[in-house]
Each structure stands twice: as structure tokens, then as C-alpha cells.
Amino acid sequence: MTIQQLLSLRVQAALAAAGAPDTPAVVQASSKPEFGDFQANGVMGAAKALKTNPRALAQSVVEHLDLTDIADKVEIAGPGFINIHLAPAFLAARLQAALDDAALGIRKPAAQKVMVEYSSPNLAKEMHVGHLRSTIIGDAIARVLAFVGHDVTRCNHVGDWGTQFGMLVAYLVETRQSGDAELELADLENFYRKAKVRFDEDPVFADTARQYVVRLQGGDAEVLALWKQFVAVSMEHCQAVYDKLGVGLTLDSVRGESAYNDDLPVVVSDLRAAGLLVEDQGAQVVFLDEFRNPEGDAQAMIIQKKDGGYLYATTDLAAVRYRHRALDLKRVIYVVDARQSLHFQQLFTLSKKAGFAPTDMQLEHVAFGTMMGDDGKPFKTRSGGTVKLVELIDEAIERAYALVSEKNPALAEDTRRSIAAAVGVGAVKYADLSKNRTSDYIFNWDTMLAFEGNTAPYLQYAYTRVQSVFRKVGDFDASAAVVIDAAAEKQLALHLAQFDEVIESVASSCQPHQLCAYLFTLAQQFSRFYEACPILSAEGATRASRLQLAALTARTLRTGLDLLGIAVLDEM
Ligand code: ARG
Numbered sequence: 070m071t072i073q074q075l076l077s078l079r080v081q082a083a084l085a086a087a088g089a090p091d092t093p094a095v096v097q098a099s100s101k102p103e104f105g106d107f108q109a110n111g112v113m114g115a116a117k118a119l120k121t122n123p124r125a126l127a128q129s130v131v132e133h134l135d136l137t138d139i140a141d142k143v144e145i146a147g148p149g150f151i152n153i154h155l156a157p158a159f160l161a162a163r164l165q166a167a168l169d170d171a172a173l174g175i176r177k178p179a180a181q182k183v184m185v186e187y188s189s190p191n192l193a194k195e196m197h198v199g200h201l202r203s204t205i206i207g208d209a210i211a212r213v214l215a216f217v218g219h220d221v222t223r224c225n226h227v228g229d230w231g232t233q234f235g236m237l238v239a240y241l242v243e244t245r246q247s248g249d250a251e252l253e254l255a256d257l258e259n260f261y262r263k264a265k266v267r268f269d270e271d272p273v274f275a276d277t278a279r280q281y282v283v284r285l286q287g288g289d290a291e292v293l294a295l296w297k298q299f300v301a302v303s304m305e306h307c308q309a310v311y312d313k314l315g316v317g318l319t320l321d322s323v324r325g326e327s328a329y330n331d332d333l334p335v336v337v338s339d340l341r342a343a344g345l346l347v348e349d350q351g352a353q354v355v356f357l358d359e360f361r362n363p364e365g366d367a368q369a370m371i372i373q374k375k376d377g378g379y380l381y382a383t384t385d386l387a388a389v390r391y392r393h394r395a396l397d398l399k400r401v402i403y404v405v406d407a408r409q410s411l412h413f414q415q416l417f418t419l420s421k422k423a424g425f426a427p428t429d430m431q432l433e434h435v436a437f438g439t440m441m442g443d444d445g446k447p448f449k450t451r452s453g454g455t456v457k458l459v460e461l462i463d464e465a466i467e468r469a470y471a472l473v474s475e476k477n478p479a480l481a482e483d484t485r486r487s488i489a490a491a492v493g494v495g496a497v498k499y500a501d502l503s504k505n506r507t508s509d510y511i512f513n514w515d516t517m518l519a520f521e522g523n524t525a526p527y528l529q530y531a532y533t534r535v536q537s538v539f540r541k542v543g544d545f546d547a548s549a550a551v552v553i554d555a556a557a558e559k560q561l562a563l564h565l566a567q568f569d570e571v572i573e574s575v576a577s578s579c580q581p582h583q584l585c586a587y588l589f590t591l592a593q594q595f596s597r598f599y600e601a602c603p604i605l606s607a608e609g610a611t612r613a614s615r616l617q618l619a620a621l622t623a624r625t626l627r628t629g630l631d632l633l634g635i636a637v638l639d640e641m
């Protein structure tokens, strides 16, 4: 149980004893040390409801409040705030428990079967910056959920189906005949462009492409084999990006749109059987009362087009159905651009209405904003083209290499190269993860690679500084008692003891920026502690205890960064 949860229970019991049962305790970390370490603010609301004096109620709550062994001071402030000062021995015991646990004392809740669906590029083209946010955010969420003990499936719902594949397969056949298909495929972006040119210019080619679509969707073995080859090459490109980024997606995580092809007619018949489907201008549609257009009419969701073709939404309905029936997932997290919000709201509503998902299945759209350039417009190359993800990552690593070489020219070339990879990739990831995901953010090389401020390099560097303490110390007693005495020690201890709270919060809200903010504060608290409380010149039990605080800080930084998919280094 987190400290916040523990205090909430105790305050709630005291509220009940003071005549205000079922009242939320509203316990939160205090904004300033003079207000204690935690504040319980529930009294005001309770007093209002009971029409009683809040100060008097607060007095009675405090009299009934049992915080023996937890707090050493409890005060009433203002109209009825209860300020709680934690006892140093209580904090020390919490830290000791974290030190003794490989998972840093993180509570393992009853495991839930969860899927995190992320990245999900369309395979016709190479991955570009538009896929970066989903890939990075989704991976961090998957890591956090697995860390708290859930049974996590990572799913890459790639766009590998649809009419454009007829065109691509036709072009693949054509270039194979002239012998340079493999060469052309090395640049998927160009491959797509050239196929499109052929399609637009040559009616015979366009006809062939259309025939391929029909044959592909009809399950023709020959065309399917060609399509599979194209998908395989395309997936190799994606995998190279995932490996470079250190993202935990593999070929096993892929279950693309094509996998649901056979289920699409079933989705239609199920919806019809449920009485939800109507014919509208030849198309099969569902009208959802929950969503109204500006005229106040129920919005239509098209399930099958007039020509019999299916849509993006049809596939997604089939996927929900599969994820419940075949995988028995309890929670599915879709990490997708905010511009698809309406689609997901409709999808979730209809899935539950149609019985594709039980009402208590958690279907969540984890939305994110757009990555912008310095000009405040969606990030593009100088000439206005889309930026390939591989190139962006390579540039990050190059820039980091230049910085590291400038800062530390004495390091061996190999070492500088590996530092550059960790710093470059870390900077790109952290710049994204540290922002509230729902807003757009500006991609700027200089800010993300700065060694000052809320950046990956700052945190990575903070980690190396803690490690350097241990290099100077040599052997130390990893079982020494933690004793909290000085103010800076207490502040650091208090923050360390709230790691479980932030992790639980990220696991439920899917907001990795909370973890970033936590780690940034941790690094700052450590610097303050390090300045105020010398470690190396201290002696005996004090020195041993301070080393324990440093050790836990290092482990917390490393674990936290790892959950964000960012590597730490021993030197940089
Ligand atoms: N391939 C889609 C795109 O690039 C994203 C897929 C998101 N996931 C989903 N289940 N619809 O826009």
C-alpha cells in the first residue's frame, strides 16, 4: 500500500469515528514542507455536508486519528486542513523495505490480462515521425504495466490490408521481372511513390492492380504469397526502427488488419442479428444515439460500403471481438493519435452494445497530440517532406555523439559511440514522454539534448554522478540501517518513498509524464541532499545510511528510466 493510501484509510476511519462516515479523506502530498508531508483536506467537505464547524470537526478527527508509528506531528491549519508530518523512523522503514526488494517495494496487484496496442503503422510506406509518439508512449506504458505485475500483451495492429496493396503487389511483380525489385524495396517510400505513378499513368497497370486486390481479398494463393513478401520486407524496415529505439515490439507482436479479414462478414451478420444494422443508401450502417451531429441526428457509422467493401472501423470491431473472445483481455489500451478520438469512442460504444466486449472490459484510447517543428507546424523536413524515422534516430545519435565528444574527448571512440546511442535515443524518447501526451509538442534538438533541465541527458548524468560516489567508496554495507536526520535527508527519503505511488498512477492513467516529473524531482532532491549532507567525509552509521539513500536513489533512477525505455550509463 502506498503512503497516500495508508493515510487515506486512517483518516477515513477517524472521520467515521468523528461522525462523518463515507467521507473521502482527500489525502495528498503537501505543497510545502511547513504544511507537513501530507495533507488531509476532506474535513471541509464533510463539515459542509453535516452543517457543522470545520475546525471543530477537524479537532475531533485528529483526536480519533491513529497514526502511531507513522507520524510524529499532526496539526490543524486554516479552516480545517490536517497537516501530517511523517516520523523519520517510519520513512526509514519504508526505504529499508524498498532496498530489500528487487522491485523496490512496488505492490503487485492481482494480475490483469492487458493489451497495449501501439505503433501500428500502415505498411505501404516506411515509418515516419507520425509513428514515433505511439511507439514511444506505448512501449513505456507496456513496461510500466508489466512492472506492476500485469500480464501484458504488446500488439502491433499494422495496416497491411486494403486496396493499395493491389498496386504495390502489381509493382513488385513488374520490378521483379526487370530484376531490381530488392533494390527498389530498400527504399519503401520511393517504391510506393513509383507504384503510384505507374498506377496513375498506365491504365493497364491500374487494371492489373485492381485485379490483384480482388484476388488478394478472395484468398488467391499466388497473390497472397506476393503480398506476404511485400509485408515481410516492410516489417523488416519497422523492426530495424524498433531495434534502434530499443522498443519491445517483435514480429510476434504483429497482428495486422489482414488477420481479421475472415471475421468481417461475421461482424456484419452479428450486428444485423443484434438489430443494430440498417441499410442507408445501399451501405450497411449503425446509427449511434450517443453521438449526434450538429443537426442533432444520431451519427452513422458505416460498417460495409455499397460495393461490399469493409472499412477501418469494421476491422476494429472484429479486433475487439477477438480480443475478448479469443484472448479474454480485461483491458485494451489503444495508443493512437488524438485525431482518431471519435472513431474510438464510437468503436467502444458499439462494441459493448453489440456484445463484442462485456460492459466491464476496459477499452481505452490513450490519445496523443502532434509532434511539431520549431515553426509550430507539424514536423517536416526542410523541403516539407515527411521525416523518416530511421533518419531521425540516426540524427539524434550523431548529435549526441558530437556533444559527448566535445564534453569528454578523452573517452575511447567505442565508449563515446555507445554513450551517444543511449543519450540520443534517450533524449528523443524523454522529450516526448515528459510532456502531457494529450497536447501537441515542439520537437527541438537543442532542448532535448541539453544537460540542464528536464531532459534525458540531465537524468542520465545525475545517475552517473550517484554511481561515481560508489566508485570512490569501494565496498559498502548494503544492509546498513537507514537513519533519517537532516532536513535534506528527509526530503529525499520522502520522495523516494513515493515511487510506488507514481508508478501506480502511471499504470492507471497511462500518463508517463508523471514518472518523468518524479525522476526529475528525484535528481534535484539528490543534488540538494548531496550538497547538504556530505557522504564521503561522514563517518560510521551516518555515512552508511547516506550511502543507502544514494544506493536507493540510483536504483530508483535506473528503474524509472528503464520503464521509460531509457538506458543508463556508468560514465558519460
Ligand atoms: N494504422 C493506423 C494508422 O496509421 C493506426 C491503427 C490504430 N489502431 C487501431 N486499432 N485502429 O492510422
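Count along the sequence shown from 1, then add 69; that gives the number in the numbering used here. Where a beta carbon is used, it is the ideal one built from N, C-alpha and C, also for glycine. Keep in mind it's a predicted model, so treat the numbers as computed, not measured.
query: Run through DSSP, which three-state label would T383 get?
result: helix
message: Give me, in chain order, the residues of the same chain whose beta-carbon lies closer than 8 Å to that of Q409; leave out the 5 immediate sequence neighbours on both sides.
response: H434 and A436
field: Three-state class that DSSP yields for E573 in the structure shown
entry: helix
message: Any contact between the region 202 to 215 and the region 571 to 581? By contact I mean 3 or more CB pairs, one from each, below 8 Å.
response: yes
message: Determine whether the beta carbon atoms of A619 and V538 lie at a separation below 9 Å.
response: yes
- prompt: Would you report the Cα separation of M113 and A180, rounded to the nearest angstrom?
  reply: 37 Å
- request: Take D536 and list the residues in its own chain whose beta-carbon comes closer than 7 Å to its own, dropping the five residues that flank it on each side.
  value: What sits at residue 536 in the sequence shown is Gln, not Asp. So the list reads A623 and D639, once near-sequence residues are dropped.
- prompt: If you draw a straight line from the alpha carbon of A469 to that of R534, how long is it in whole angstroms?
  reply: 19 Å
query: If we ignore side chains and look at the alpha-carbon of each, how far apart do D463 and A491 end up?
result: 12 Å
query: So is the beta-carbon of P334 under 8 Å away from any non-hydrogen atom of ligand 1?
result: no
Three-state class that DSSP yields for M196 in the structure shown: coil
task: With F437 as the anchor, note down where its beta strand (DSSP E) starts and where it stops.
output: Q431 to F437
message: Suppose only complete runs of 4+ residues qualify. What are the alpha helix (DSSP H) ranges in the region 292 to 375, listed by chain order?
response: 333 to 342
message: Let me confirm a value: T524 is counted as buried when at least 16 other C-beta atoms fall within 10 Å, else exposed. Which label applies?
response: buried
- request: Taking only runs that begin and end inside the region 417 to 479, name each unbroken beta strand (DSSP E) of 3 or more residues, in chain order.
  value: 431 to 437
query: Going along the chain, which residues put their C-beta within less than 7 Å of some heavy atom in ligand 1?
result: E186, S189, P190, N191, H226, V227, G228, Y381, D385, A388, Y403, V405, D406 and Q409
Among L160, T137 and T92, nearest to A658 - alpha-carbon criterion: Residue coverage of the chain in this structure runs from 70 to 641, which leaves residue 658 outside it and unanswerable.
field: Closest Cα partner of G235 within the set H197, K117 and L295
entry: L295
task: Identify which residue in V551, K421 and A127 has its Cα closest to the Cα of A166.
output: V551
query: When you compare only the Cα positions, how much space is there between P526 and S577?
result: 27 Å
task: Rank F417, L380, V456 and E251 by C-alpha distance to the C-alpha of A352 and give the top, closest one.
output: L380
query: Thinking C-alpha only, which one of D349, E558 and Q74 is nearest P102?
result: E558
- prompt: Count the other CB atoms within 10 Å of the CB of G445; is the residue buried (16 or more) or exposed (fewer)?
  reply: exposed
query: Helix, strand or coil: how does DSSP classify R400 here?
result: strand
task: With a threshold of 16 other CB atoms inside 10 Å of the CB of M196, please say whether the residue is buried or exposed.
output: buried
- prompt: Three-state secondary structure (DSSP) at Y510?
  reply: strand
- prompt: Can you name, in chain order, every residue of its own chain whose Cβ lies under 7 Å from the Cβ of L502, other than the five neighbours on each side?
  reply: I205, I206, A209, P581, H582, C585 and L633
message: Just to confirm my understanding: we take D138, look at its own chain, exclude 5 residues before and 5 after, and list those with CB closer than 8 Å. What are they?
response: A156, A158 and F159
query: When DSSP labels each residue in this structure, what does R223 get in the three-state scheme?
result: strand
query: Do the CB positions of F107 and V96 come within less than 9 Å of each other?
result: yes
- request: Look at A193 and S322 and say whether their C-beta atoms are less than 9 Å apart.
  value: no
field: Nearest candidate by alpha-carbon position, reference A519, set Y530, T507, D509 and Y510
entry: Y530
Close-in-space but distant-in-sequence residues of the same chain around E521 (CB under 7 Å, 5 per side omitted): Y527
task: Assuming L626 contacts A592 (C-beta within less than 8 Å), just tell me the rounded distance between them.
output: 7 Å
Any beta strand (DSSP E) of 3 or more consecutive residues that is wholly inside the region 219 to 263: 220 to 224
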